[in-house]
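To keep things clear, I will list the structure first and then write my remarks on it.
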Amino acid sequence: MPETKEIPFLPGFTQKNISKTDFRKGHTLGYKNGYAVTTKPTFGIGGDELIHNGMEEDQFRRLIEKPIDETLLNYKPEPFFRAEATKPFIPAHVAYDKLVLSFKAYFKQTVHDSMEQYILRRVKIHVYLEDDSVEVIETPQENSGIPQGVLIKRQRLPKSEIDYVRPTDFNVGMNITIYGKTIRIIDCDSFTKKYLTDTLGIKLNPPEEMPIDIYLENRNKKVRNVSRIEHNDKLRQFLENDRKVLRFYALWDDRENMFGEIREFIVHYFLVDDCIEVTEVRKPNQGRVSFPVLLRRQQLPKRYEGVDITLSEKYTWRDLKIGTLLNVLGRQMLLYKCDDYTREYYIQNLGYKDIEMKEIKFNDGNVVKEYEREIPPYNGFGTLEDSLGSVKHLVLKPPKKDFVKMLENEHKVLRFVALMESTHKEDYNRKFIIAYRLSDDMLTIYEPPQRNAGFIGGKFLERTRVLKPGHTLQNPEYYNAVDLNIGATVEINHYKFKIIDADEYVYNYMESNSHAFPMSDIRQELITIVRFYDSNKNNQIDVKKFITDLEQQ
Numbered sequence: 415m416p417e418t419k420e421i422p423f424l425p426g427f428t429q430k431n432i433s434k435t436d437f438r439k440g441h442t443l444g445y446k447n448g449y450a451v452t453t454k455p456t457f458g459i460g461g462d463e464l465i466h467n468g469m470e471e472d473q474f475r476r477l478i479e480k481p482i483d484e485t486l487l488n489y490k491p492e493p494f495f496r497a498e499a500t501k502p503f504i505p506a507h508v509a510y511d512k513l514v515l516s517f518k519a520y521f522k523q524t525v526h527d528s529m530e531q532y533i534l535r536r537v538k539i540h541v542y543l544e545d546d547s548v549e550v551i552e553t554p555q556e557n558s559g560i561p562q563g564v565l566i567k568r569q570r571l572p573k574s575e576i577d578y579v580r581p582t583d584f585n586v587g588m589n590i591t592i593y594g595k596t597i598r599i600i601d602c603d604s605f606t607k608k609y610l611t612d613t614l615g616i617k618l619n620p621p622e623e624m625p626i627d628i629y630l631e632n633r634n635k636k637v638r639n640v641s642r643i644e645h646n647d648k649l650r651q652f653l654e655n656d657r658k659v660l661r662f663y664a665l666w667d668d669r670e671n672m673f674g675e676i677r678e679f680i681v682h683y684f685l686v687d688d689c690i691e692v693t694e695v696r697k698p699n700q701g702r703v704s705f706p707v708l709l710r711r712q713q714l715p716k717r718y719e720g721v722d723i724t725l726s727e728k729y730t731w732r733d734l735k736i737g738t739l740l741n742v743l744g745r746q747m748l749l750y751k752c753d754d755y756t757r758e759y760y761i762q763n764l765g766y767k768d769i770e771m772k773e774i775k776f777n778d779g780n781v782v783k784e785y786e787r788e789i790p791p792y793n794g795f796g797t798l799e800d801s802l803g804s805v806k807h808l809v810l811k812p813p814k815k816d817f818v819k820m821l822e823n824e825h826k827v828l829r830f831v832a833l834m835e836s837t838h839k840e841d842y843n844r845k846f847i848i849a850y851r852l853s854d855d856m857l858t859i860y861e862p863p864q865r866n867a868g869f870i871g872g873k874f875l876e877r878t879r880v881l882k883p884g885h886t887l888q889n890p891e892y893y894n895a896v897d898l899n900i901g902a903t904v905e906i907n908h909y910k911f912k913i914i915d916a917d918e919y920v921y922n923y924m925e926s927n928s929h930a931f932p933m934s935d936i937r938q939e940l941i942t943i944v945r946f947y948d949s950n951k952n953n954q955i956d957v958k959k960f961i962t963d964l965e966q967q
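The opening position of the sequence shown corresponds to residue 415 in the working numbering, with each subsequent residue numbered one higher.
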């Protein structure tokens, strides 16, 4: 290898040997005992001397035998030239779609020439995050007298000449001016609170109460009537009874006169002004010229004695009833029928029963007497419904069942533990299980076997419906689930049973249906306890008396 003139390895002192033709690299990679190893390079490219390996052999050996830091083995440097991954661009109308900030606010509108100085207008401010647009809607109030709805359509509100109002400009307990209206923000919804605090980092002010509207408060007060009470209030009668008409069907028996006959009429009573109108029922081929109205709409006097009827006592709706005679200017008309609305009106307002408003039937002008069907006694075959079906139908039909009730309550059984109450000593403390099936309202009684009781346990009563005491098959009333509760005594076939316990399913069923089982309504029971121990009537119980009663239990 030819020697090369050494020059200091400094910037500006290096030169390139242009006559060099050997560019071979030294061999440093190889295998030893089957493992890939590296060897110390002995010369550089083209056989040049390696200046940087000028250390001694023992120093180089100690350097390569030095233990390696294991943390450096896992070091994986990222290439400095790799470009950072950019996040995909999501437009605002997609990222903030359907996200709206809602604020509760109000503003005061000044009024002139009035007792009130202002009108309180309740509004809601909606801020749409997708485009920072704002919408102001007035909350509807009944009988406010002001056009309500959208006050400011959805738009971007200018804050200055170069900027618009943004969500960061809103907070609770602040005033915001929109087109000359100073609106006070008093509260916001839960989503708005979370977005402003967590996302925008805004510290919310405490919410405020809505001020009292003096105008609405004064208007809602009951106005004291300083005038005298007028029982015959025409305006009130008109407002309450407008277009309410009672309709009766009447008969006029004129057979006492020559060529007289029975004629049918319709009587209309107008509740709005207590007037009566009588019209004749037109029939084909009746042989006379029919007039549409026998009595035009007017107040009808009870007694017709002369031309001047203003001083006579008039008929009112309380005087009209099925079976009474109506004096229509000397004609006695029998009211025998009314429509459904009239029937319901009398039942609700005068407490009449259905039998009192029942239609009177006629046959050639004579009252047809109706007889009630007598149901024969139970024949002992089948159930009571089966026996009743043989009375109503010639061809027997099975009684209809409530299939909806059967499907909803299938396999639902209420089981109670009961003790027999008897005067016989041997029957004392006999335990029974009463099983009530909700699907068909039938009872079954079992007696569990007891050691040395002297009674053989088993079925005490087959599955059947049980009549309540005092009721017969002609007027049946059966035991139902409401009659069975803890502490109740039931009489079944002249045996008395006192219910002392029930299974957990019964308690859960009664609590979930507390409207049918008021004794299982925990809230109502607590109210009863508080009222019992509230001796001073100050909504506070007497603790000492309450604890004493608990200890005695």
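A virtual CB, placed ideally from N, CA and C, is assigned to each residue, including glycine.
At the level of alpha carbons, what is the spacing between residue i and residue j?
i	j	result
E835	K882	17 Å
Y893	N899	12 Å
P481	T453	18 Å
L424	K430	13 Å
P502	A509	12 Å
H682	G559	39 Å
Y542	Y947	57 Å
E380	T942	No information on residue 380 is available, as it lies outside the stretch 415 to 967 that the chain covers here.
S547	E556	29 Å
G868	K912	21 Å
E770	L565	59 Å
D647	L808	60 Å
I599	F584	8 Å
A664	F673	20 Å
E631	S726	48 Å
R877	D854	10 Å
For residue i, does the three-state DSSP call read helix, strand or coil?
i	result
E799	helix
M529	coil
R362	For the chain, the structure presents residues 415 to 967; residue 362 sits outside this window and is missing.
M924	helix
L653	helix
Q555	coil
M820	helix
A450	strand
G460	helix
D754	helix
Q523	strand
D583	helix
N467	With a pLDDT of 49 at N467, under the threshold of 50, the modelled position of that residue is not reliable, and the figure given next carries that caveat. Coil, per DSSP.
F517	strand
M933	helix
D601	strand
L534	strand
T878	strand
A867	coil
L940	helix
K617	coil
Any idea which residues DSSP pairs residue i with across the strands?
i	result
I690	Y683 and Q712
F911	M834 and V904
N413	The first residue shown for the chain is 415 and the last is 967, placing residue 413 beyond what the model contains.
I676	D667
E861	G872
E549	H540
V977	In the structure displayed, the chain extends from 415 to 967; residue 977 sits before or after that span and is not available.
P572	Y578
T596	T591
G444	V451
Y850	L828 and L857
R661	H682
Y892	L881
K845	L833
For residue i and residue j, which I take to be in contact (beta-carbon distance under 8 Å), what is that distance rounded to the nearest angstrom?
i	j	result
E549	H540	4 Å
T553	V537	7 Å
G444	G458	18 Å between Cβ atoms; not a contact.
A519	I616	Not quite, the Cβ-Cβ distance comes to about 17 Å (not below 8 Å), so this is no contact.
P862	K845	6 Å
K751	E773	5 Å
Between residue i and the ligand PLP, is the CB less than 8 Å from at least one heavy atom?
i	result
F517	In the structure shown, the ligand PLP is absent, as is every other ligand, since no ligand is present at all.
| Given 8 Å, three or more beta-carbon pairs between the segment 918-928 and the segment 817-832 | Contact holds: three or more Cβ-Cβ distances are below 8 Å.
| request: Give a yes or no on contact between the segment 594-612 and the segment 501-520, applying the rule of three or more CB pairs nearer than 8 Å. | output: By the Cβ rule, the segment 594-612 counts as touching the segment 501-520, because three or more pairs are nearer than 8 Å.
| Are the segment 708-717 and the segment 689-698 touching, with three or more C-beta to C-beta distances below 8 Å? | They touch, by the three-pair rule.
| message | Taking contact to mean 3 or more Cβ pairs, one atom from each stretch, closer than 8 Å, check whether the segment 813-825 and the segment 761-780 are in contact. | response | The count of Cβ pairs closer than 8 Å, one atom from the segment 813-825 and one from the segment 761-780, stays below three, leaving the stretches out of contact.
| At least 3 beta-carbon pairs within less than 8 Å: the segment 927-937 vs the segment 849-864 | No: fewer than three Cβ pairs fall under 8 Å.
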